[in-house]
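Student: The UniProt record's numbering puts the first residue of the sequence shown at 1, with every later residue one more than the last.
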Amino acid sequence: MRIGVYLAHPRPGSFNHALFDAVVEALRSHGCDVLAHDLCAEGFPPVLSADETETVQAATDTRDPRVALHRAEVATLDAVVFIHPNWWGMPPAALVGWVQRVLVPGVAYKLGSAEGEPAGLLKAGRALVLNTSDTPADREESEFGDPLQRIWSACVLPYVGVADVRRIVFRTVTDSAGPARADWLQQARREAIALLS
Numbered sequence: 001m002r003i004g005v006y007l008a009h010p011r012p013g014s015f016n017h018a019l020f021d022a023v024v025e026a027l028r029s030h031g032c033d034v035l036a037h038d039l040c041a042e043g044f045p046p047v048l049s050a051d052e053t054e055t056v057q058a059a060t061d062t063r064d065p066r067v068a069l070h071r072a073e074v075a076t077l078d079a080v081v082f083i084h085p086n087w088w089g090m091p092p093a094a095l096v097g098w099v100q101r102v103l104v105p106g107v108a109y110k111l112g113s114a115e116g117e118p119a120g121l122l123k124a125g126r127a128l129v130l131n132t133s134d135t136p137a138d139r140e141e142s143e144f145g146d147p148l149q150r151i152w153s154a155c156v157l158p159y160v161g162v163a164d165v166r167r168i169v170f171r172t173v174t175d176s177a178g179p180a181r182a183d184w185l186q187q188a189r190r191e192a193i194a195l196l197s
């Protein structure tokens, strides 16, 4: 199974990095072909060019070889994993830019289906989203309505063909201690392996 794992956190040594390492190791230990990308460390360029805003743009029409590589890779994946913090109810800019520059028409979806909705093109039928947060769950739900759940499960992944979207939130991270983090890492490993069945 070919799985893309995408990390969006700029600080080396963050708990997001620990989640990334745990997931990548768990998947590889189960024989998966893992394409692991630390978007910030790789310097993935998140800003769309004017040319890239054309919805009729060809899937291969990009001047940036890093974007072209990610577009080619994502089309080959059986599943995807996204690991990122909740910042202002959004993923970090590196991952937002990745979505906007990689999940483009001709790669991830096509426009103009009979129902008027985009038709997903990705063969990745499953996704796992692992988020960290410092907002307690009850406050998240009552005040904000869990915007990350809407982003991934309603606004992005269904439109590119990913029907099975799983999401785990680890909270609150800032005041967490070693035992809780060890449990969270184990949970992340289990959830990643569960993508295989």
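Heads up, the beta-carbon is just placed ideally off N, CA and C, and yes, glycines get one too.
Out of P179, E117 and R189, which one is the CA nearest neighbour of E25?
Tutor: Of the residues P179, E117 and R189, the one whose Cα lies closest to the Cα of E25 is R189.
Student: Give the secondary structure of V156 by DSSP, where H, G and I count as helix, E and B as strand, and everything else as coil.
Tutor: helix
Student: Could you tell me which residues DSSP pairs with L122 in its beta bridges?
Tutor: Paired residues: none, contrary to the question.
Student: Could you spell out the range, first to last residue, of the beta strand (DSSP E) harbouring P85?
Tutor: Counting along the chain, the beta strand (DSSP E) containing P85 begins and ends at A79 to P85.
Student: Helix, strand or coil for P147, going by three-state DSSP, please let me know.
Tutor: Of the three classes helix, strand and coil, the one that applies to P147 here is helix, per DSSP.
Student: State the DSSP-derived secondary structure class of L196, mapped to helix, strand or coil.
Tutor: coil
Student: What did DSSP end up calling H70 once you bin it into helix, strand or coil?
Tutor: helix
Student: Contact defined as beta carbons within less than 8 Å: I believe L95 pairs with Y159. What is the distance between those atoms, to the nearest angstrom?
Tutor: About 16 Å separates the Cβ atoms of L95 and Y159, ruling out a contact at the 8 Å cut-off.
Student: Is it the case that the CB of P179 approaches a heavy atom of the ligand MG more closely than 6 Å?
Tutor: The ligand MG is absent from the structure shown, which contains no ligands of any kind.
Student: Can you give, in chain order, each stretch of the alpha helix (DSSP H) that sits fully within the segment 15-56 and has at least 4 residues?
Tutor: Listed in chain order, the complete alpha helix (DSSP H) runs (minimum 4 residues) inside the segment 15-56 are 15-29 and 39-42.
Student: Between the C-alpha atoms of A194 and S153, what's the straight-line distance to the nearest angstrom?
Tutor: 18 Å
Student: Report yes if the CB atom of V81 is closer than 7 Å to the CB atom of V23, and no otherwise.
Tutor: yes
Student: Relative to the C-alpha of A163, which residue among V102, A119 and V173 is closest?
Tutor: A119
Student: Helix, strand or coil: which one does DSSP assign to V5?
Tutor: Of the three classes helix, strand and coil, the one that applies to V5 here is strand, per DSSP.
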